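*Asks:* What follows is a structure written as structure tokens; I'll ask about it next.
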Ligand SMILES: Nc1ncnc2c1ncn2[C@@H]1O[C@H](COP(=O)(O)OP(=O)(O)O)[C@@H](O)[C@H]1O
Ligand SMILES: [Mg+2]
């Protein structure tokens, strides 16, 4: 882990009514690392990501115990401003969902909601976000055309740019390449690697290979339990737990 811790998860459990989807999770995520959460379907990966910016608050019948800290902020403190929290911790979903408007307006959408911004400043914000998402060179000559005409991989990078325009600190990615072809997948992975220089990234990878290509550290989840965590090279080549070994060697999916 990098020197500085960004996220601390302490004895965290999450329930959908009486069903326990996360069991006593303890995990530290360092600043400016890519941390992968991997495991079979229904192991609680999405629930954990959504807990990190309290998107789980929207679930009727959902409740948690334990704590999650972002720097020194206890994010479940009743005094926390949710809009601010979700600006600091942005989430990219599996399927890209650009708004039916121009490329420029998609990226400018969030900053405009914050209040009126001089035109020149807004253009700077949009360009910076598109550059960080490694999309600028591909779209700079058609910023005012519809975002819906972009390819799937470009749309996903646009969604990343939309979040970057809000100046987040942490980016959550939930299988961001699941609908993409190999070339688009490679472009997203390249973007992730670039983003790591400035942001803390928590990634639910598309598969184990993706985790080993881009992540620094990883945690294996199974049935809501965190089985083990560690540096990627260790967890994929010398797992400590038999269940991790069985999963990474393909004995079960
Ligand atoms: N909104 C929901 N209501 C009830 N149960 C849910 C809901 N979302 C997820 N679950 C259950 O919680 C468990 C973990 O789901 P999820 O976090 O989506 O896992 P993963 O992302 O690893 O596939 C699963 O058993 C799933 O059925
Ligand atoms: Mg999921």
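Residue numbers (my numbering): 48 to 300. Backbone N, C-alpha and C fix where the C-beta goes; we use that ideal spot for every residue, glycine too. Being a predicted model, the structure only gives us computed values, none of them experimental.
#1: Per DSSP, what kind of secondary structure is residue 164 in: helix, strand or coil?
#2: Classify residue 297 as buried or exposed, calling it buried when 16 or more other Cβ atoms lie within 10 Å of its own Cβ.
#3: Can you give the beta carbon distance from residue 257 to residue 236, rounded, assuming they're within the 8 Å contact cut?
#4: Just how far apart, CA to CA, sit residue 217 and residue 289?
#5: At a cut-off of 6 Å, would you count residue 88 as near ligand 1, judging by its Cβ distance to the nearest heavy atom?
#6: Which same chain residues, not among the five before or five after residue 270, have their C-beta less than 7 Å away from its C-beta?
#7: Please check the pair residue 111 and residue 151, which I expect to be a contact at CB under 8 Å, by giving their CB distance rounded to whole angstroms.
#8: Taking the straight line between their C-alpha atoms, what separation do you get for residue 39 and residue 124?
#9: Would you say residue 144 touches ligand 2, meaning its beta carbon is less than 6 Å from a heavy atom?
#10: Closest to residue 153 by C-alpha separation, out of 118, 253, 189, would be which residue?
#11: Just reading off the beta strand (DSSP E) that residue 278 is part of, what are its end residues?
#12: Please report how far the alpha carbon of residue 171 lies from the alpha carbon of residue 214, in whole angstroms.
#13: Is DSSP giving residue 151 helix, strand or coil here?
#14: When you compare the CB positions of residue 284 and residue 267, do they come within less than 7 Å of one another, or not?
#15: Quick check: what's the CA-CA separation for residue 191 versus residue 149?
#16: Looking at residue 282 and residue 10, is the spacing between their C-beta atoms short of 7 Å?
#17: Is it buried or exposed for residue 53, if we count other Cβ within 10 angstroms and need 16 for buried?
#18: Closer than 6 Å to a non-hydrogen atom of ligand 1 - does that hold for the CB of residue 255?
#19: Since residue 139 sits in a beta bridge, which residues does DSSP pair it with?
#20: Give the range of the beta strand (DSSP E) segment to which residue 102 is assigned.
#21: Which residues does DSSP pair with residue 111 in a beta bridge?
#22: Quick one: what does DSSP say residue 265 is sitting in, helix, strand or coil?
#23: Note down the Cα distance separating residue 246 from residue 82, rounded to an integer number of angstroms.
#24: Using beta-carbon positions only, say whether residue 234 and residue 200 come within less than 7 Å of one another.
#25: Suppose the cutoff is 7 Å on Cβ atoms and the five residues either side in sequence are ignored; what does the same chain contact list for residue 100 look like?
*Replies:* According to the structure data:
#1: If you number the chain shown from 1, residue 164 lands on position 117. Coil at residue 164, not helix or strand.
#2: Position 250 of the chain shown holds residue 297. Exposed, by the Cβ-count rule.
#3: Your numbering for residue 257 matches position 210 in the chain shown. Your numbering for residue 236 matches position 189 in the chain shown. Confirmed, Cβ separation roughly 7 Å.
#4: If you number the chain shown from 1, residue 217 lands on position 170. If you number the chain shown from 1, residue 289 lands on position 242. Computed Cα separation, rounded: 32 Å.
#5: Position 41 of the chain shown holds residue 88. Flag set: Cβ of residue 88 near ligand 1.
#6: Position 223 of the chain shown, counting from 1, holds the residue named residue 270. So the qualifying residues of the chain are 90.
#7: Working through the chain shown from its first residue, we reach residue 111 at position 64. Working through the chain shown from its first residue, we reach residue 151 at position 104. Under the criterion of beta carbons closer than 8 Å, residue 111 and residue 151 do not qualify as touching, at roughly 39 Å.
#8: Because residue 39 is not part of the residues shown, which for the chain are 48 to 300, the question remains open.
#9: For this step, residue 144 is matched to residue 97 along the chain shown. Every heavy atom of ligand 2 is 6 Å or more from the Cβ of residue 144, so no.
#10: Residue mapping note: residue 153 aligns to position 106 of the chain shown, counting from 1. When each option's Cα is compared against that of residue 153, the closest is 189.
#11: Counted from its first residue, the chain shown places residue 278 at position 231. It spans 272-278 - the beta strand (DSSP E) in which residue 278 sits, taken as one unbroken run.
#12: Position 124 of the chain shown, counted from the start, is the residue given in the question as residue 171. Position 167 of the chain shown, counted from the start, is the residue given in the question as residue 214. Rounded to whole angstroms, residue 171 to residue 214 spans 13 Å at the Cα level.
#13: Counted from its first residue, the chain shown places residue 151 at position 104. The answer is helix: DSSP assigns residue 151 an H, G or I state.
#14: The residue labelled residue 284 in the question sits at position 237 within the chain shown. The residue labelled residue 267 in the question sits at position 220 within the chain shown. Their beta carbons are not under 7 Å apart, which means residue 284 does not touch residue 267 by this criterion.
#15: On the chain shown, residue 191 is found 144 positions in, with the first residue counted as 1. On the chain shown, residue 149 is found 102 positions in, with the first residue counted as 1. Those two C-alpha atoms are separated by around 5 Å.
#16: Past the edges of the chain, shown from 48 to 300, lies residue 10, and the structure says nothing about it.
#17: Residue numbering aside, residue 53 sits at position 6 when the chain shown is read from its first letter. Residue 53 is buried by the Cβ-count criterion.
#18: Within the chain shown, residue 255 is the residue found at index 208, counting from 1. Checking every heavy atom of ligand 1 against the Cβ of residue 255, none is found closer than 6 Å.
#19: For the purposes of this step, residue 139 is taken as residue 92 along the chain shown, with counting starting at 1. The partner list for residue 139 (beta bridge, DSSP) reads 220.
#20: If you number the chain shown from 1, residue 102 lands on position 55. Following the DSSP letters along the chain, one finds residue 102 in no beta strand (DSSP E), marked with neither H nor E.
#21: Numbered from 1 along the chain shown, position 64 holds the residue referred to as residue 111. For residue 111, which the question treats as bridged, DSSP gives the partners 61.
#22: Numbered from 1 along the chain shown, position 218 holds the residue referred to as residue 265. Residue state, collapsed to three classes: strand.
#23: The residue given as residue 246 occupies position 199 in the chain shown. The residue given as residue 82 occupies position 35 in the chain shown. Rounded to whole angstroms, the separation of the alpha carbons of residue 82 and residue 246 is 11 Å.
#24: Counting from one through the chain shown, the residue named residue 234 turns up at place 187. Counting from one through the chain shown, the residue named residue 200 turns up at place 153. Yes, they are a contact pair.
#25: By 1-based counting over the chain shown, the position of residue 100 is 53. Exclusion of the five residues before and after residue 100 leaves 132, 133, 136, 138, 219 as the residues of its chain whose Cβ lies within less than 7 Å of its Cβ.
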